[in-house]
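Asks:
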Amino acid sequence: MSQCCAGPASITRVHCPDGATCIGAPEGDAEPRPGLPAVVTGRRRHLQHSVKNMLAAFISRVLRRVAQKSARRVLVASRKSSNDATFEIKKCDLYLLEEGPPVTTVLTRAEGLKYYRMMLTVRRMELKADQLYKQKFIRGFCHLCDGQEACCVGLEAGINPSDHVITSYRAHGVCYTRGLSVRSILAELTGRRGGCAKGKGGSMHMYTKNFYGGNGIVGAQGPLGAGIALACKYKGNDEICLTLYGDGAANQGQIAEAFNMAALWKLPCVFICENNLYGMGTSTERAAASPDYYKRGNFIPGLKVDGMDVLCVREATKFAANYCRSGKGYRTREEIQEVRKLKEIGAEFATTDPEPHLEELGHHIYSSDSSFEVRGANPWIKFKSVS
355 MSQCCAGPAS
365 ITRVHCPDGA
375 TCIGAPEGDA
385 EPRPGLPAVV
395 TGRRRHLQHS
405 VKNMLAAFIS
415 RVLRRVAQKS
425 ARRVLVASRK
435 SSNDATFEIK
445 KCDLYLLEEG
455 PPVTTVLTRA
465 EGLKYYRMML
475 TVRRMELKAD
485 QLYKQKFIRG
495 FCHLCDGQEA
505 CCVGLEAGIN
515 PSDHVITSYR
525 AHGVCYTRGL
535 SVRSILAELT
545 GRRGGCAKGK
555 GGSMHMYTKN
565 FYGGNGIVGA
575 QGPLGAGIAL
585 ACKYKGNDEI
595 CLTLYGDGAA
605 NQGQIAEAFN
615 MAALWKLPCV
625 FICENNLYGM
635 GTSTERAAAS
645 PDYYKRGNFI
655 PGLKVDGMDV
665 LCVREATKFA
675 ANYCRSGKGY
685 RTREEIQEVR
695 KLKEIGAEFA
705 TTDPEPHLEE
715 LGHHIYSSDS
725 SFEVRGANPW
735 IKFKSVS
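Quick note: the sequence shown uses the working numbering, first residue 355, plus one each step.
#1: Please classify Tyr684 as buried or exposed, where buried requires at least 16 other C-beta atoms within 10 Å of its C-beta.
#2: I'd like the ranges of any alpha helix (DSSP H) spanning at least 4 consecutive residues and lying wholly in the segment 554–605.
#3: Report buried or exposed for Ser557, applying the criterion of at least 16 other Cβ atoms within 10 angstroms of its Cβ.
#4: Drop a sphere of 10 angstroms on the beta-carbon of Glu714, count the other beta-carbons inside from all chains shown, and report buried for 16 or more, exposed for fewer.
#5: With DSSP run on the structure shown, which of helix, strand or coil describes Ser432?
#6: Check the C-beta distance from Thr636 over to Gly508 and give it rounded, since I have them as a contact under 8 Å.
#7: In terms of DSSP beta bridges, what is Glu442 paired with?
#8: Only counting runs of 3 or more residues, tell me where the beta strand (DSSP E) segments fall wholly within the segment 469–549, in order along the chain.
#9: Considering only DSSP beta bridges, list what Asp447 is partnered with.
#10: In the DSSP output, which residue or residues are listed as bridge partners for Glu628?
#11: Which residues does DSSP list as the beta-bridge partners of Cys678?
#12: Roughly how many whole angstroms lie between the Cα atoms of Gly656 and Arg650?
#13: Measuring alpha carbon to alpha carbon, tell me which of Trp619, His403, Val528, Leu450 ends up nearest Gly564.
#14: Per DSSP, what are the beta-bridge partners of Ser637 in this structure?
#15: What do you get for Asp601, buried or exposed, if any count of 16 or more other CB atoms within 10 angstroms of its CB means buried?
#16: Which residue marks the beginning of the alpha helix (DSSP H) containing Phe613, and which one marks its end?
#17: Per DSSP, Cys623 forms a beta bridge with which residues?
#18: Is it true that the CB of Glu611 sits closer than 8 Å to the CB of Asp517?
#19: If you reduce the DSSP assignment to three classes, tell me which class Arg650 lands in.
#20: So, helix, strand or coil for Glu709, using DSSP?
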């Protein structure tokens, strides 16, 4: 066996007791180690040492930046108790809004643990579903939401249990946050009797109280969500409906129709586009002329939210829910009253000005120099015009 080595160090070749040829260390270094698979030169050891130092320095920088970022994000923490802290969250982009959600929020210890457990549970559940799908226990479609846990958990944290949610076929995470157990979700995926839909719905058709399932047709949940919101308004129970859809469904016509109905009837409906940048493998750049989905409503206010931050999603959801509960439309009630006052002033002249006299009705209508009489015509048609 021959080895080509570079560097000033000399290599000592020794023979092991079992007759195998062993490559030793450079002269003056430690004793050779039998069975070493390759030549270890002084330069290689130097490179290994340098790589270790570089890796340690990189890890140290990363940890230091994370610590600095966390320190910047945690603004206020109670010194007497570690049960709550105030966090800084990313400011949302606004559309047709003068102000949006707050840029700071208070998180309690119980809330933090709850959100973390829920997100971790959704991740582990989806990974297990992926494994069961590959093992062919799950048949048909199986759309997973791992990587989007902060969205479904943050949405649930921003509404009341009595509120309503409807989503697309990527529904497993929302099913869990709405109250279904992991066992019932996985059993439904495998078509068992213990599933939330008795094994008849599968991945795209799961239901529970105040949750109206995933929907197999792209964008079909848009008009259904508007209908649920119409029921909420009809009952007058101060409830809202979250209608979730993906960036792929944002280009569907029924979504635009749902926007129009919700705005026309002032429905308590929050439309939420979960933009994961791909719709069934097609990127947003190739499918959408404008990827600013929060502006698609045109006449509906919108927010662009960081969907990877559970606190940002929670505060944005609270803001949107309160906006809907307040009954706000495109115009506020004060604006409408102000316009009505101006309109009444402008129309007052049209209702109070006197009507014309009978002898003036024919002026500026008929010619006064008629050279012949019209038999059977009234003589007032020949009245002279007022100069």
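Each residue gets a CB set at the ideal place from its N, CA and C atoms; glycine is no exception.
Replies: This is what the structure holds:
#1: At Tyr684 the pLDDT is 48, less than 50, meaning the model places this residue with poor confidence and gives no usable figure here.
#2: Entirely contained in the segment 554–605, the alpha helix (DSSP H) runs reaching 4 residues are, in chain order, 575–589.
#3: buried
#4: exposed
#5: Confidence at Ser432 is low in this model, with a pLDDT of 47, below 50, so the placement of that residue is unreliable and no value is reported for it.
#6: Actually they are not in contact, since the Cβ atoms of Thr636 and Gly508 sit about 26 Å apart, beyond 8 Å.
#7: Thr458
#8: 518–520
#9: Listed as beta-bridge partners of Asp447 by DSSP are Lys658.
#10: Gly600
#11: Bridge partners of Cys678: none, in fact.
#12: 8 Å
#13: Sequence check: residue 564 is Asn here, not Gly. When each option's Cα is compared against that of Asn564, the closest is Val528.
#14: Looking at the DSSP assignment, Ser637 forms a beta bridge with Tyr632.
#15: For Asp601, the number of other beta carbons within 10 angstroms of its own is at least 16, and it is reported as buried.
#16: From DSSP, the alpha helix (DSSP H) with Phe613 extends over 607–618.
#17: Cys595
#18: no
#19: coil
#20: In the displayed model, Glu709 falls within coil according to three-state DSSP, outside both helix and strand.
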